[in-house]
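One structure is given here, and the rest of the page talks about it.
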């Protein structure tokens, strides 16, 4: 399988204004903000590849639109460059597919500016099913078809 050196990232991380007013009682969003705020996509690669990687991938779903748009590009870079250590390739692929499906259902407009990058990443995952251990995996293919037809 060909290893792709690919970058879709923006130049600057989201600002405090991009994150908006985070209510003090929103423990999850405050935690996510503390972890991600002012980090570049290069810096978050270690988060996506760490021991609690699934937690950080899950954090993407709760982010406001601008931070989500920025950090999903970092996760796309992470998937395409295949430097997995703390997260299994299968977990990375499924996490991405499920996150995008959820966003298609809940906030499709946040994905539209990234449609090309998202579809390209899904195509990459599906065309490398052996590597991601998705061979004959009906669930991933259904998610793939759903996203492509609804995004």
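Numbering (the working numbering), first residue to last: 160 to 310. Ideal Cβ placement from N, Cα and C applies to all residues, glycine included.
When burial is assigned at 16 or more other CB atoms within 10 Å of the CB, is residue i buried or exposed?
{"i": "residue 302", "result": "buried"}
{"i": "residue 172", "result": "buried"}
{"i": "residue 200", "result": "buried"}
{"i": "residue 271", "result": "exposed"}
{"i": "residue 282", "result": "exposed"}
{"i": "residue 175", "result": "exposed"}
{"i": "residue 308", "result": "exposed"}
{"i": "residue 280", "result": "buried"}
{"i": "residue 236", "result": "buried"}
{"i": "residue 190", "result": "exposed"}
{"i": "residue 254", "result": "buried"}
{"i": "residue 275", "result": "exposed"}
{"i": "residue 183", "result": "exposed"}
{"i": "residue 286", "result": "exposed"}
Please state the DSSP three-state secondary structure of residue i.
{"i": "residue 260", "result": "helix"}
{"i": "residue 219", "result": "helix"}
{"i": "residue 243", "result": "coil"}
{"i": "residue 176", "result": "helix"}
{"i": "residue 293", "result": "coil"}
{"i": "residue 208", "result": "coil"}
{"i": "residue 181", "result": "coil"}
Could you round the C-beta distance between residue i and residue j to whole angstroms and report it? I think they count as a contact, below 8 Å.
{"i": "residue 306", "j": "residue 267", "result": "The pair is not a contact, with the Cβ atoms about 10 Å apart (cut-off 8 Å)."}
{"i": "residue 277", "j": "residue 246", "result": "Between residue 246 and residue 277 the Cβ distance is about 19 Å, and since that is not below 8 Å, they are no contact."}
{"i": "residue 225", "j": "residue 177", "result": "4 Å"}
Terminal residues of the continuous alpha helix (DSSP H) containing residue i?
{"i": "residue 225", "result": "224-240"}
{"i": "residue 189", "result": "186-195"}
{"i": "residue 274", "result": "274-286"}
{"i": "residue 301", "result": "297-309"}
{"i": "residue 267", "result": "Neither: residue 267 is in no alpha helix (DSSP H) and is coded neither H nor E."}
With 8 Å set as the bound, which would you pick, yes or no: does the beta-carbon of residue i sit closer than that to a beta-carbon of chain D?
{"i": "residue 298", "result": "Here chain D cannot be found, since the structure has a single protein chain."}
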